[in-house]
Amino acid sequence: MQTKGHYHPITRFIDKSMQIFEELGFCVIEGPELESEWYNFDFLRVASDHPARDVQDTFWISGSKNKKLNVMRTHMTTVQGRAIKNVQPPCRFVMPGRVFRNENTDSTHESVFYQLDVVAIGESINLSQMIFCLHEFLKKLLNKAGLKIRLRPDYFPFVEPGMDIAIWWNNKWLEVFGAGMVHPEVIENMGLDPKKWQGFAFGGGIERLMMIKYDIKNIKSFLKNDMRFNKQF
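Each residue of the sequence shown is one higher than the last, beginning at 835 in the working numbering.
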């Protein structure tokens, strides 16, 4: 007997996330999974000797990484540079997609997972606007009573100042987003004048948000193709 199929739970969750950001005035943009070294690292001020460029952390396609070869994108922030090329700011983008990390896996880490990245560029963008967008998105998406969100200073090469965003889950803080004001050098790499334009950006993992919303204990559940799991959504 044939059974009627439906979208994967990750697809549904991404669709809901995009709907919320569209209500906040953001446009949805996509980019390639096979990315250039420029957009994945150089554009975002990731130093040439940064550990993220090592083969232990990144899936390089072939040959030596010193020859400016392609990589399987390691984060959705790579799409920022492509999105801004043909658009005159002010602008607001949200970018969902699959990313790849060559790393050890556990209950909250996988080598293949989904992220969304958000960027807003304008003449008077500030951190309070970013925090508002973050809170609005998380409250509408997770719809949890007593949701506890933590913001604390952190370092990311493409933002200044930077912070990490964590949510209290299973008696611990689980980091869900990296965030901050877009670094002036990244603004320059976009072909814009950092004295006129500024922006905020934040991004993080889709599966981790789903784990919080639905109390899923292991991130590997999303890749098992177990219909008993998928049919719950």
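No residue lacks a Cβ here, since even glycine has one placed at the ideal position from N, Cα and C.
Quick test of the definition: if touching needs 3 or more C-beta pairs under 8 angstroms, does the segment 964 to 974 touch the segment 912 to 923?
Contact fails: fewer than three Cβ-Cβ distances are below 8 angstroms.
Since Tyr-948 contacts Thr-912 with CB under 8 angstroms, what's their CB separation in whole angstroms?
The residue labelled residue 948 in the question sits at position 114 within the sequence shown. The residue labelled residue 912 in the question sits at position 78 within the sequence shown. Actually they are not in contact, since the Cβ atoms of Tyr-948 and Thr-912 sit about 14 angstroms apart, beyond 8 angstroms.
Judging by CA-CA distance, which residue of Asn-1052, Glu-1041, Lys-1051 and Asp-1049 is the nearest neighbour of His-842?
Position 8 of the sequence shown, counted from the first residue, corresponds to residue 842. For the residues Asn-1052, Glu-1041, Lys-1051 and Asp-1049, the minimum Cα distance to His-842 belongs to Glu-1041.
If you compare alpha carbons, which of Glu-871, Asp-1049 and Ala-881 is closest to Lys-978?
Here residue 978 corresponds to residue number 144 of the sequence shown, with the count starting at 1. Closest option to Lys-978, Cα to Cα, is Asp-1049.
Which value, in whole angstroms, describes the spacing of the CA atoms of Thr-845 and Ser-882?
Here residue 845 refers to the residue found at position 11 when the sequence shown is read from its first residue. Here residue 882 refers to the residue found at position 48 when the sequence shown is read from its first residue. When rounded, the distance between both Cα atoms is 35 angstroms.
Going by Cα to Cα distance, which pick from Phe-1011, Glu-1022 and Leu-878 is closest to Leu-1043?
Position 209 of the sequence shown, counted from the first residue, corresponds to residue 1043. Of Phe-1011, Glu-1022 and Leu-878, the residue nearest in Cα terms is Phe-1011.
With DSSP as the reference, identify every bridge partner of Ala-800, one or two as the case may be.
No answer is possible for residue 800: the residues shown for the chain start at 835 and end at 1067.
When the Cα of Gly-865 is compared with those of Asp-940, Gly-915 and Phe-877, which residue comes out closest?
Within the sequence shown, the letter at position 31 stands for residue 865. Of the listed residues, the one whose Cα sits closest to Gly-865 is Gly-915.
As a quick exercise: from Cys-861, Ala-954 and Thr-939, pick the residue whose alpha carbon is nearest that of Lys-1054.
Numbered from its first residue, the sequence shown carries residue 1054 at position 220. Nearest C-alpha to Lys-1054: Thr-939.
I believe Ile-959 touches Gln-1032 by the beta-carbon criterion, under 8 angstroms. Please report the beta-carbon distance rounded to the nearest angstrom.
For the purposes of this step, residue 959 is taken as residue 125 along the sequence shown, with counting starting at 1. For the purposes of this step, residue 1032 is taken as residue 198 along the sequence shown, with counting starting at 1. Sure, about 5 angstroms apart at Cβ, within 8 angstroms.
Buried or exposed for His-840, please, with buried defined as at least 16 other CB atoms from any protein chain shown within 10 angstroms of its CB.
Residue mapping note: residue 840 aligns to position 6 of the sequence shown, counting from 1. Exposed, because fewer than 16 other Cβ atoms sit within 10 Å of the Cβ of His-840.
In the DSSP output, what is His-943 paired with across the bridge?
By one-based count along the sequence shown, residue 943 stands at place 109. Per DSSP, Asp-940.
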